[in-house]
Amino acid sequence: MLKGLIFDLDGVLTDSAKFHLAAWNDLAKELGIRLTNEQLNSLRGISRMDSLDLILQYGHQTNEYTEQQKKQFAAAKNEKFLQQVDTMTPKDILPGIPQLLADAQEANLKMCIASASKNAPKILHKLKIASKFAGIVDAATVNKGKPDPEIYQKAQQLLHLKASEVISFEDAAAGVAAIKAAGQFAVGIGDRTVLKEADYLVASTKDLQLDKIVAAYINS
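When you line the sequence shown up against UniProt numbering, it's residues 1 to 220, in that order.
Right, dumping it as structure tokens:
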């Protein structure tokens with residue numbers, strides 16, 4: 001029986017992912033690394049330090065910096081990102097999401113956030129939807145990033161629910177893999193070829209309809 005919904009944040013509830021990718025791209029250029037669109041998009045849904053490690057790998061600079069230097073790079077990237085977050089308003093909530101959240105509340109479904117972003121609380125506050133969620137998994141307590149299932153397992157525990165009682169939403173392949181590894185029903189938002197492991201797929205958030213998603217979950 002469905003009792004809860006778990007959401008990634010960037011690219012699912014709001015397009016803050018574009019701010020992340022722009023900030024990472026700027027940092028890469030400063031390090032003399034030119035990222036392809038495919039490489040840049042591979043950073044979606046993974047943690048800050050994992051993203052930096054991937055960028056350095058793409059630029060063949062994996063062993064050129066100390067951990068302290070890498071932390072400084074990540075902090076500089078985050079500062080640029082936060083400057084963009086400060087401009088966010090409820091208008092930045094993606095299409096279809098307000099209705100989905102309203103329908104979920106009406107159905108008495110518990111909801112929480114499973115995001116690799118340590119800035120999730122601030123973003124939800126800027127979007128004025130923080131009160132709709134029972135909680136947010138603290139990214140600082142997650143030892144393994146997506147596609148490891150840890151963050152979705154923690155979200156499930158936060159809601160005091162079983163894997164079979166939740167539906168989780170993602171826009172990144174690593175996120176969908178994490179959901180499936182956690183034994184949960186995965187809703188993918190985006191490209192079918194990228195998110196082919198999802199149990200239910202829509203092209204964009206405006207196509208999310210709770211009744212159709214629940215029907216697919218019941219029949220899975």
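We put the beta carbon where it would ideally sit given N, CA and C, even for glycine.
Closest residue to residue i among the options (Cα-Cα distance)
i    : options             : result
G96  : A163, D207 and S115 : D207
A104 : Q209, Y217 and I218 : Q209
Beta carbon proximity, residue i to chain C, threshold 8 Å
i    : result
L101 : Absence of chain C from the displayed structure is noted, only one protein chain being present.
Inter-residue spacing [alpha-carbon to alpha-carbon] between residue i and residue j
i    : j    : result
A130 : I55  : 32 Å
T66  : H60  : 15 Å
R48  : A116 : 8 Å
I179 : H160 : 17 Å
W24  : S42  : 12 Å
G175 : Q184 : 12 Å
K91  : K144 : 33 Å
D138 : L40  : 25 Å
Q83  : I167 : 32 Å
E170 : E30  : 30 Å
S16  : K162 : 29 Å
Run of the alpha helix (DSSP H) containing residue i, from where it starts to where it stops
i    : result
G175 : A173 to A181
L101 : I97 to E106
M1   : It is not in any alpha helix (DSSP H) - M1 carries neither H nor E in the DSSP assignment.
L13  : First-last for L13: undefined, no H or E at that position.
Continuous beta strand (DSSP E) stretch holding residue i: start and end
i    : result
S168 : V166 to E170
M88  : First-last for M88: undefined, no H or E at that position.
Cutoff 6 Å; reference residue i; Cβ partners in own chain excluding five residues on either side
i    : result
T199 : Per the sequence shown, residue 199 should be read as Asp rather than Thr. Here the set comprises F185, A186 and S220.
Requested in this report: Tell me the start and end of each unbroken alpha helix (DSSP H) in the segment 100 to 146 that is at least 4 residues and wholly inside, in chain order.
Outcome: Qualifying alpha helix (DSSP H) stretches, in chain order: 120 to 127.
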